[in-house]
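Read top to bottom, the protein sequences are chains A and B. When you line the first sequence up against our numbering, it's residues 381 to 1085, in that order. When you line the second sequence up against our numbering, it's residues 40 to 227, in that order. Encoded as structure tokens, the structure appears first; notes follow it.
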Amino acid sequence: MTTDIERVTGTALDRVEGRDKVTGLARYAYEYPADDIAYVVPVPAAIARGTITGIDPGDALAVPGVLTVLSFRNAPPLAGNDPELRIFSSDRVSYRGQMVAAVVADTLEAAAEAARLVHVGYDAEPHDVLLRPDHPEAYVPEKVNPSFPAVSEQGDVEAALGDAAVTVDTTYTTPAYHNNAMEPHATLAVWSGDRLTAYDSNQGSSTARDMLAAAFGLEPGQVRVVSPHVGGGFGSKGTPRPQIVLAALAARAVGRPAKVALTRQHMFAVTGYRTPSIQRVRLGADASGRMTALAHEVEEQTSTLKEFAEQTAVPSRMMYAAPNRLTTHRVVALDVATPSWMRAPGECPGMYALESAMDELAVACGLDPIELRVRNEPEEDPESGLPWSSRNVVACLREGAAWFGWAGRDPAPGVRRDGRWLVGTGVAASTYPARRRPSEATARATADGRFTVRIAAADIGTGSRTALTQIAADALGVPPERVDVRIGDSALPTASLAGGSMGTASWGSAVAMACVRLRERLDGAGGEVPEDGIEARYDTADDIKADAAYARHAFGAQFAEVRVDPGTGEIRVPRLLGVFAAGRIINAKTARSQFIGGMTMGLAMALLEESVPDAEFGGFLNHDLAQYHVPANADVANIDARWIEEDDPHLNPMGSKGIGEIGIVGTAAAIGNAVHHATGVRFRDLPIRPDRVLDRAPQIGGRNL
Amino acid sequence: MDVPSKGTAGGAQRTAARPPARTDVTVSVNGAVERIKVDNRASLLDVLRERLGLTGAKKGCDHGQCGACTVLLDGRRVNACLILAVTVDQAEVVTVEGLTDGTRLHPLQAAFIERDAFQCGYCTPGQLCSAVGMLAEAAKGRASAVTADLADDAPVLDEAEIRERMSGNLCRCGAYPNIVAAIGEVAG
Ligand code: FES
Ligand code: FES
């Protein structure tokens, strides 16, 4: 075994499955072959709240090729504790678009036609789908995700605000957003006796397996979930979605393999979304810009089915020093689908509000916004008092300022013109927690000189398969070409979800340690690989329990240049730079892609994306890709991401922090702050649409021009 | 709110159960001639994926809104989800599987790997077929919305041109800068 080769972590290794992806050979869930597949098309509820009075499947069943119509009338009851997954369990409708029936047919064409012919009668009740300030039904939840207190308080924030030399008191709103992974949620379910195999699009095959087993009253060992390639998730495939249950139900009902892919329109109803938010931020500072008070109060929505309380104000508990602090969350249970995880839940919307308010405070104090942030650096985690494992937000701001060309920036807003454009620049800080979860992995050496690593990890586009290959290669001391990493299958050693930017840290810990063990075994065997191979296994559960108490977070700084046309309301972003401090970067190529992908989503959050609730009929009005503006190529110009190498010994064997989510954090604030710098007007409701700019054009035109 | 129901149990008018109309179609797909009977309701995309086992072309929206299904139809890029299979009789279709020359990758495929022009890979087959079609359009002197000189029969494919011409292909992973770099490298 070679041991003196150069480390491969940190290099820009090409994606190991790249060839499969560019040749069309990489198979996604709906694309697996099976004999005699039946096609499933679900029927969405047409009302937002009420009772189903009748389901007439007659016309649907009359369509040639239709095998059955499933609904609460004939579907077997499902177990499990997620009401979003217990489909067809009652005659109640809790939101528009909820699955109320499904057609199973020989062909997709027949199933799609018949789904329109299932006649569902409803007894509709008045509904409420609009989040609004001071909603009478708002309440303080017991906790916010995943397990933070909903309210935290330090000192006396009201008194401190009363005494502060400079104060900011503003309210920001963010709309609902949909993850909109390009691959629709899809499952092919195949029963063999009482064993179930699901080829499924998800962010964690172990999690999906456990859910399916619970839903159908099976042992986890009777269920296998296969998901080697997943066409994006961004949180929406973390919690299993109803299509996996539907495929399994349908396959059992017709005694054949059955598959379902949600339509893009239906994805807007049943695959989760980010809650809209109303966020009031109050900041108080002394004349030099040192904050004495920080209050962040959030209102957001959940559903009547189950509580999902996004942790939006949580980043305000750790980002800046301020002796007096208040963070609160209130939620309203509306007649809507349950909100769910979307890239950087909590940090993404919360940091938009906090970092916008920081910019307003900088203006109020007459301070450079970078300087204001530097002055409010906390020495330790302000609420917990824990030491930082590493915190390099100031380095990100300073280095980023140099790379971006921030020096000499004229702070005066609304004074730079270039033809029809007003030009401005903005900055915001970024952060995301660095956590890891227990996982297991095996590493095996075979007599042919190759190594196989097994773990039920997921690669939803993050590059985890490649990163794990690099981690294994370094731990084994061999070149990456000799390592095969098998992931995306619940038959592999159990692993945590791809979520919370924890994937590579969690799986990489297990993989690295399994490889270290294997090397010890090999050394013990004199370096000889026996004929039938040699294997080692590692479970990180105990290591993680023993992790020392530190505040572990990645940090970053986002810089934006914008051009605003006050005549048309158009906003362009010619330059976006993100600088991140996220421990050791395992793959320079895929990491950059992760950062710029997150920043692109943040750009769209600022300017393009919103899911508009349909007050009259429930659900969302703009439920397709023509009306929900996922950014297109021409919306994005020069986006760059850089990073500062950190050497943080308190994380995991790789010294890495997660990078999947931090790219979206702070981007929208940096752009909003740049729009203010360009126009002199604050837009506090996202997205900053052309009509919103035009509404305030008189203020823009009247200032400093 | 009173939502009218579309007929309830027992009260509905039955549609006559007619077998679906089917049509014989002869089509060349990646150079191989296929003779198939297609359901007249079926899109080219569904026939490629569900009947011919060519799952390279992806379905992201089925409504011509994302470009994941882009294939080349008689050399032009089209959204296969918007083409009825019954209309492609005697046509030539090339999918991402047909871009490879034996085991040799198309230069765009190689550039996409090298530049990391994808993450999840789901939009990638559509991006690649779209890029092939786009380069052919540009070579024919077709202008785009950002072409300054509409009479120019050899528009230079700078970044702005590539971005504009590739904007029918959404990438939710946000690989756009790398897609532009990869295509720019091949466009030369
Ligand atoms: S699937 Fe055809 S354009 Fe989206
Ligand atoms: S690579 Fe995932 S959508 Fe483009």
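Heads up, the beta-carbon is just placed ideally off N, CA and C, and yes, glycines get one too. Bear in mind that the values here come from a model prediction, so they are computed numbers and not experimental data.
Verify the CB distance criterion: does asparagine 1084 of chain A have a CB-CB separation below 8 Å to chain B?
Here asparagine 1084 of chain A scores only 43 on pLDDT, less than 50, and its place in the model should not be relied on; the value that follows carries that caveat. Chain B contact via Cβ: absent.
Check whether chain A comes within 8 Å of lysine 76 of chain B, counting only Cβ atoms and requiring the distance to be less than that.
no
Here's a check: name, in chain order, each residue in its chain whose Cβ is nearer than 8 Å to the Cβ of aspartate 41 of chain B, leaving out the five neighbours to either side.
Here the model assigns aspartate 41 of chain B a pLDDT of 36, short of 50, so the residue's position is not dependable, and the following value carries that caveat. Same-chain partners within the cutoff: there are none.
Can you give the beta carbon distance from arginine 589 of chain A to serine 870 of chain A, rounded, assuming they're within the 8 Å contact cut?
4 Å
Mind listing which residues of the segment 95-112 of chain B have their C-beta closer than 8 Å to chain A's C-betas, in chain order?
Going along the segment 95-112 of chain B in chain order, one finds Gly95, Ala96, Lys97, Lys98, Gly99, Cys100, Asp101, His102, Gln104, Cys105, Ala107 with a Cβ nearer than 8 Å to chain A.
Which residues of chain A have a Cβ atom closer than 7 Å to the Cβ of methionine 205 of chain B, listed in chain order?
Asn1013
Return the chain-ordered list of same chain residues with a C-beta closer than 8 Å to the C-beta of proline 59 of chain B, the five sequence neighbours on each side being excluded.
Asp78, Asn79, Arg80
Which whole-angstrom value describes the C-beta separation of glycine 477 of chain A and asparagine 559 of chain A, a residue pair presumed to lie in contact below a C-beta threshold of 8 Å?
With 8 Å as the limit, glycine 477 of chain A and asparagine 559 of chain A do not qualify as a contact, their Cβ atoms being about 15 Å apart.
Tell me, please, whether the segment 701-708 of chain A touches the segment 533-548 of chain A by the rule of three or more beta-carbon pairs shorter than 8 Å.
yes
Would you kindly work out how many angstroms separate the C-alpha atoms of asparagine 967 of chain A and aspartate 1075 of chain A, rounded to a whole number?
45 Å
Residues near ligand 1, criterion Cβ-heavy atom distance below 6 Å:
Residues with a Cβ closer than 6 Å to any heavy atom of ligand 1, in chain order: B:Lys98, B:Gly99, B:Cys100, B:Asp101, B:Gly103, B:Gln104, B:Cys105, B:Gly106, B:Ala107, B:Cys108, B:Asn118, B:Cys120.
Near ligand 2: glycine 404 of chain A beta-carbon under 7 Å from a heavy atom:
no
8 Å Cβ cutoff met for serine 581 of chain A and alanine 836 of chain A:
no
Since phenylalanine 960 of chain A is in the beta strand (DSSP E), which residue starts that stretch and which ends it?
951-961
Let me confirm a value: serine 764 of chain A is counted as buried when at least 16 other C-beta atoms fall within 10 Å, else exposed. Which label applies?
exposed
For ligand 2, I want to know if methionine 979 of chain A counts as a neighbour, meaning its beta carbon is within less than 7 Å of at least one of the ligand's heavy atoms.
no
What is the DSSP secondary structure of histidine 1056 of chain A, counted as helix, strand or coil?
It is helical.
Distance cut-off 7 Å: cysteine 168 of chain B Cβ against heavy atoms of ligand 2
no
Can you tell me whether tyrosine 161 of chain B sits near ligand 3, meaning its C-beta is under 7 Å from at least one heavy atom of the ligand?
This structure lacks ligand 3; the ligands present are ligand 1 and ligand 2.
Taking tryptophan 783 of chain A as part of the alpha helix (DSSP H), name the residues at either end of that continuous run.
773-784
So isoleucine 1019 of chain A contacts chain B; which residues on that side make the cut at Cβ distance below 9 Å?
Gly213, Tyr215, Pro216
Same chain only: Cβ atoms within 6 Å of arginine 755 of chain A, ignoring 5 sequence neighbours per side:
Gly669, Arg670
Does DSSP put asparagine 704 of chain A in a helix, in a strand, or in coil?
strand
What whole-angstrom Cβ distance do leucine 983 of chain A and threonine 1047 of chain A have, given they're in contact under 8 Å?
6 Å
Provide the residue span of the beta strand (DSSP E) that contains aspartate 15 of chain B, from first to last.
This structure does not reach residue 15 of chain B, given that chain B is present from 40 up to 227, and the question cannot be answered.
For chain B, check one thing: does any of its Cβ atoms lie closer than 8 Å to the Cβ of tyrosine 408 of chain A?
Yes, tyrosine 408 of chain A lies at the interface with chain B (some Cβ there is under 8 Å from its Cβ).
Contact set between the segment 902-913 of chain A and chain D, restricted to residues whose Cβ is under 7 Å from the partner
The chain labelled as chain D is not found among the protein chains of the depicted structure, namely A and B.
Quick check on leucine 447 of chain A: buried or exposed, where buried means 16 or more other Cβ atoms within 10 Å of its Cβ?
buried
Using a Cβ cut-off of 8 Å (strictly closer), state whether serine 44 of chain B contacts chain A.
Unreliable positioning characterises serine 44 of chain B in this predicted model, as indicated by a pLDDT of 42, which lies under 50. The coordinate reading is nonetheless provided below. It does: the Cβ of serine 44 of chain B has a partner Cβ on chain A nearer than 8 Å.
Reference glutamine 104 of chain B; option with closest CA among A:Val610, A:Arg644, A:Leu1066, A:Asp761
From the listed residues A:Val610, A:Arg644, A:Leu1066, A:Asp761, the smallest Cα separation to glutamine 104 of chain B is found for A:Arg644.
Residues that valine 610 of chain A contacts on chain B, provided the C-beta gap is smaller than 8 Å
Cys159
Whole-Å CB distance - glycine 1043 of chain A paired with phenylalanine 975 of chain A, under 8 Å assumed:
4 Å
At what residue ranges does the segment 671-739 of chain A contain a whole run of the beta strand (DSSP E), taking only runs of 3 or more?
Runs of the beta strand (DSSP E) spanning 3 or more residues and lying entirely within the segment 671-739 of chain A occur at 671-683, 704-714, in chain order.
Along the chain, where does the beta strand (DSSP E) that runs through aspartate 503 of chain A open and close?
499-504
Backbone CA spacing between alanine 665 of chain A and alanine 1058 of chain A [nearest angstrom]
25 Å
Residues of its chain near proline 608 of chain A, where Cβ-Cβ distance is below 6 Å and the 5 sequence neighbours each way are ignored:
In its chain, beyond the 5 residues on either side, Gly868 have a beta carbon closer than 6 Å to the beta carbon of proline 608 of chain A.
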